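**Q** Residue numbering for the sequence shown follows numbering that gives the first Met the number 0, beginning at 0 and increasing consecutively.
Beta carbons are placed, not taken as given, at the ideal position from N, Cα and C, and that holds for glycine.
Computed from a prediction, not measured in an experiment: that's the story for all the values here.
Sharing a structure, written as structure tokens. Questions coming.
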Amino acid sequence: MLPMGITKATSTQTVATLGTSPVKARGRQKASTASTDEKRERILKAAEALFDQQGYANTTMEQIVGALGVTKPYVYYYFHNKQEIFETLSWRPTVACFTAMDFPEDDHRPAHTKVTEGIERLIRATIEHHPAAFFPYREPQVYRPEYIAMQKKLANHFYDRLCTLMEEGRKDGMFDFKETRLTALAACSLPGFLYHWYRPDGRLSPAEVVRELSQLSWRVLGLRSKRRPGASHPPSTPETSSP
Numbered sequence: 000m001l002p003m004g005i006t007k008a009t010s011t012q013t014v015a016t017l018g019t020s021p022v023k024a025r026g027r028q029k030a031s032t033a034s035t036d037e038k039r040e041r042i043l044k045a046a047e048a049l050f051d052q053q054g055y056a057n058t059t060m061e062q063i064v065g066a067l068g069v070t071k072p073y074v075y076y077y078f079h080n081k082q083e084i085f086e087t088l089s090w091r092p093t094v095a096c097f098t099a100m101d102f103p104e105d106d107h108r109p110a111h112t113k114v115t116e117g118i119e120r121l122i123r124a125t126i127e128h129h130p131a132a133f134f135p136y137r138e139p140q141v142y143r144p145e146y147i148a149m150q151k152k153l154a155n156h157f158y159d160r161l162c163t164l165m166e167e168g169r170k171d172g173m174f175d176f177k178e179t180r181l182t183a184l185a186a187c188s189l190p191g192f193l194y195h196w197y198r199p200d201g202r203l204s205p206a207e208v209v210r211e212l213s214q215l216s217w218r219v220l221g222l223r224s225k226r227r228p229g230a231s232h233p234p235s236t237p238e239t240s241s242p
């Protein structure tokens, strides 16, 4: 999953580095083609279902092979072991979620608009990447230190950007909160509990869950429907000329 955009404060090179996967597949595959990509995806999909149903410890490479109906060399050509598969599955939602607050440099919308959109992106990415997005919450002990370090870098990138935008929005009179970081963590903790109760076939559709959780998160931020009296106005968005 590629980053969703580039922030004004973050260069293309920095984001590319942040999004670089800590998982280095050590299979025998030398080059990537449409055919090999399709086969890798097939392996990942089968493994994802097994990890979701049984957990990491109870899933073996033999079971993944059996679910695919192939021989062991087929899987080992692409992945050295099940941890590579597990971390590959987990990294995609990690990048999708923690780049949710990235916006292009020429995006001059007010800070509160970016915050609300970014949080909605975060929640949507979590749900769209079910069940792999829930693996880090369910089995955090599985990941290697190198993986956790890269995950932390991305998380810090997300929260640094979010907190900056939140403070801009508060200055503009559109948010009411006291402790910036604490409020950010609280607002973004809502999708973190999805793994306890979310079911794709539940009473609410995925889109409805995204909408409900987004609105709850905005309340935690103290989002106002109107600017607080006396607050500074954000700079106006430059008008684009008609072609």
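Pull up the distance between the alpha-carbon of Tyr194 and that of Met173, whole angstroms please.
**A** In this structure, the alpha-carbon of Tyr194 lies about 31 angstroms from that of Met173.
**Q** I'd like to check one pair, Met100 with Lys81: are the Cβ atoms closer than 9 angstroms?
**A** Using a Cβ distance threshold of 9 angstroms, Lys81 and Met100 do not count as a contacting pair.
**Q** Just to confirm my understanding: we take Gly117, look at its own chain, exclude 5 residues before and 5 after, and list those with CB closer than 6 angstroms. What are they?
**A** Ala99 and Met100
**Q** Under a three-way DSSP split, which group does Leu243 fall into?
**A** Residue 243 lies beyond the stretch modelled for the chain, which goes from 0 to 242, so this question has no answer here.
**Q** How long is the line joining the alpha carbons of Asn57 and Phe85, rounded to whole angstroms?
**A** 13 angstroms
**Q** Which residues in the same chain have their Cβ closer than 7 angstroms to the Cβ of Gly229, if we skip the five residues on either side of it in sequence?
**A** Excluding positions up to five away in sequence, the list is empty.
**Q** Closest to Leu43 by CA distance: which of Pro21, Tyr73 and Leu212 is it?
**A** Tyr73
**Q** Answer with buried or exposed for Ala260, where buried requires no fewer than 16 other C-beta atoms within 10 angstroms of its C-beta.
**A** This structure leaves residue 260 out entirely; the chain is present only between 0 and 242.
**Q** Whose C-beta lies closer than 7 angstroms to the C-beta of His128 among residues of the same chain, with five residues either side of it excluded?
**A** Within the same chain, His128 has close Cβ partners Arg91, Pro92 and Ala95.
**Q** Given this structure, state the Cα-to-Cα distance separating His111 from Pro130, to the nearest angstrom.
**A** 30 angstroms
**Q** Can you look up Tyr158 in the DSSP assignment and give me helix, strand or coil?
**A** helix
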